[in-house]
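>
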Amino acid sequence: MKTIIYTSYPCVVKYRDINEHISINEHVILDDILDPIYIYPEKRDRFSFEINFSTPAPYYRIIEKDGKRLVFLLDGFSAENVVVHDFKSYGITSKIEIGQKEITFYGVNHKKIINLFHPVSNITVGHFYHINYVKFDKNDKKNIICYNIKTNSAKMFSARDIVIDKNGFSLFEENEDYKNITRKYFIDKDGLKLREQDFSRNEEMSPNELLPYKFMSAVKCGDFSGAMDYLSSNLKSSLNEKTLKGFFGDVSYFYMIDPCSCFAISNNKNIIYNFSIENDKISEIQDNLN
Numbered sequence: 010m011k012t013i014i015y016t017s018y019p020c021v022v023k024y025r026d027i028n029e030h031i032s033i034n035e036h037v038i039l040d041d042i043l044d045p046i047y048i049y050p051e052k053r054d055r056f057s058f059e060i061n062f063s064t065p066a067p068y069y070r071i072i073e074k075d076g077k078r079l080v081f082l083l084d085g086f087s088a089e090n091v092v093v094h095d096f097k098s099y100g101i102t103s104k105i106e107i108g109q110k111e112i113t114f115y116g117v118n119h120k121k122i123i124n125l126f127h128p129v130s131n132i133t134v135g136h137f138y139h140i141n142y143v144k145f146d147k148n149d150k151k152n153i154i155c156y157n158i159k160t161n162s163a164k165m166f167s168a169r170d171i172v173i174d175k176n177g178f179s180l181f182e183e184n185e186d187y188k189n190i191t192r193k194y195f196i197d198k199d200g201l202k203l204r205e206q207d208f209s210r211n212e213e214m215s216p217n218e219l220l221p222y223k224f225m226s227a228v229k230c231g232d233f234s235g236a237m238d239y240l241s242s243n244l245k246s247s248l249n250e251k252t253l254k255g256f257f258g259d260v261s262y263f264y265m266i267d268p269c270s271c272f273a274i275s276n277n278k279n280i281i282y283n284f285s286i287e288n289d290k291i292s293e294i295q296d297n298l299n
């Protein structure tokens, strides 16, 4: 079986006597794997690791397609399970411990450890009701981790800028498809809620081979209204924004395998999507789950 390794950061793939350097959005193909594969990221603040096909790891995802094993190397954070910050809200005591390589949230009889793969700076902490948060800079991004002390659940947000206000926070993002994305989150005694969001899309036309990428970019950032614009009239007649969101779920990562298929992580599931294009619109979408 062929094994294809895709990466989102520069690294060296080592297998037996093969040492293959691949850069961002490149891949390497290996045949009939019998021995361990080792990944050596270029940046010093990242550690090397082994790809194990039988044991899941937070650094990569594996999925099979058309008789091939596809491996996607991921970039970011891993939630597993020092400066100490104590909080008390509605009679519940909690705390946050911040070390050099991890952040630990303590809730009601449990804790959550967030391992950091990169150095962080400009750390601030605080809380709203039973939601504790840590805000920090990583590379050129602002980040905030919100931790629910009652449910022991954590959610991380990353954006160009993050502004804390008295009732929650706002995220300001941009990418090659959107000149501005604004999301406002409200926190009260019931928890964290998305109060409103606004999308300002770049309007330049895209060649057909970029349509699935543009579509998935809209889905990933939650702009389902914008995603509908890339669909054919027949496909749109059988869908609406709600059913489209129900089909794709919460896409946290996607990687275009070729112009008409992509790998995605949605609701922590590994999925392959295939797209058909007719008359400059997406006419059909299939996944590997059915």
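Residues 10 to 299 in our numbering are what the sequence shown spells out, letter by letter.
Just so it is clear, CB atoms sit at the ideal spot from N, CA and C, and this is done for glycine as well.
In this text, all values refer to a predicted model and were calculated from it rather than measured experimentally.
(1) Do you know how far the Cα of D232 is from the Cα of L219?
(2) With three or more beta-carbon pairs closer than 8 Å as the criterion, would you say the stretch 136-156 touches the stretch 94-114?
(3) If you scan the stretch 18-63 from start to end, which runs of the alpha helix (DSSP H) of 4 or more residues do you find wholly inside it?
(4) Enumerate in chain order the residues of its own chain whose CB-to-CB distance from V172 is below 6 Å, with the five nearest sequence positions on each side excluded.
(5) What residue ranges within the stretch 112-157 form continuous beta strand (DSSP E) runs of no fewer than 3 residues, ordered along the chain?
(6) Roughly how many whole angstroms lie between the Cα atoms of V93 and S234?
(7) DSSP three-state call for N243: helix, strand or coil?
(8) Between the Cα of S162 and those of K188, D149, N131 and G200, spot the shortest distance and give me the residue it belongs to.
(9) For L298, count the other beta carbons within 10 Å of its own beta carbon; 16 or more makes it buried, fewer makes it exposed. Which is it?
(10) How about the stretch 186-197 and the stretch 246-253: do they share at least three Cβ pairs that are nearer than 8 Å?
(11) Can R78 and M10 be called in contact, C-beta distance under 8 Å?
(12) I need the DSSP call for V228, collapsed to helix, strand or coil.
(13) Please go through the same chain and pick out, in chain order, the residues whose beta-carbon is closer than 7 Å to the beta-carbon of H136, but skip the five residues on each side of it.
(14) Is it buried or exposed for R25, if we count other Cβ within 10 angstroms and need 16 for buried?
(15) In terms of residue numbering, what span does the beta strand (DSSP E) encompassing A168 cover?
(16) Round the Cβ separation of Y18 and D75 to the nearest angstrom and send it over; I've been treating them as touching at under 8 Å.
(17) Ends of the alpha helix (DSSP H) at A236?
(18) Using a Cβ-Cβ cut-off of 6 Å (strictly less than) and excluding sequence neighbours within five positions of K23, which residues of its own chain qualify?
(19) What's the call for E89, buried or exposed, on a 16-neighbour Cβ count within 10 Å?
(20) Provide the residue span of the alpha helix (DSSP H) that contains K251, from first to last.
(21) Please state whether the Cβ-Cβ distance between L240 and K290 is less than 8 Å.
(22) Is the distance from the Cβ of D146 to the Cβ of V129 below 8 Å?
(23) Am I right that L39 and T12 are in contact with their C-beta atoms under 8 Å? What's the rounded C-beta distance?
(24) Under the assumption that M237 contacts K229 (Cβ atoms under 8 Å), give the Cβ distance between them as a whole number of angstroms.
(25) Could you have a look at L8 and say whether DSSP puts it in helix, strand or coil?
(26) How big is the Cα-Cα spacing for C20 and S32?
(27) Rounding to the nearest angstrom, what Cα-Cα distance links F62 and I71 in this structure?
(28) So which of Y69, N148 and N118 has the shortest CA-CA distance to N131?
(29) I need the boundaries of the beta strand (DSSP E) containing D267, first residue and last residue.
(30) Could you give the distance in angstroms between the alpha-carbon of T102 and the alpha-carbon of K121?
Result, derived from the coordinates:
(1) The alpha-carbon atoms of L219 and D232 are separated by roughly 17 Å.
(2) The stretch 136-156, when compared against the stretch 94-114, does touch it at the 8 Å Cβ threshold.
(3) none
(4) S179
(5) Taken in chain order, the whole beta strand (DSSP E) runs of length 3 or more contained in the stretch 112-157 are 120-124, 130-137, 140-147 and 150-157.
(6) Each residue's alpha carbon lies about 43 Å from the other.
(7) helix
(8) Minimum Cα distance to S162 is reached at G200.
(9) exposed
(10) no
(11) yes
(12) helix
(13) Taken in chain order, the residues that qualify are F96, S98 and Y142.
(14) exposed
(15) S162 to A168
(16) The pair is not a contact, with the Cβ atoms about 26 Å apart (cut-off 8 Å).
(17) F233 to M237
(18) Y47
(19) Confidence in E89 is poor, its pLDDT being 42 and thus under 50, which makes the residue's placement too unreliable to answer from.
(20) E250 to F257
(21) Contact flag set, yes.
(22) yes
(23) 5 Å
(24) Cβ atoms of M237 and K229 stay farther apart than 8 Å, at about 15 Å.
(25) Within the shown structure, residues of the chain are numbered from 10 to 299, placing residue 8 beyond reach of any answer.
(26) 6 Å
(27) The alpha-carbon atoms of F62 and I71 are separated by roughly 8 Å.
(28) Nearest of Y69, N148 and N118 to N131, Cα basis: N148.
(29) V260 to D267
(30) 15 Å
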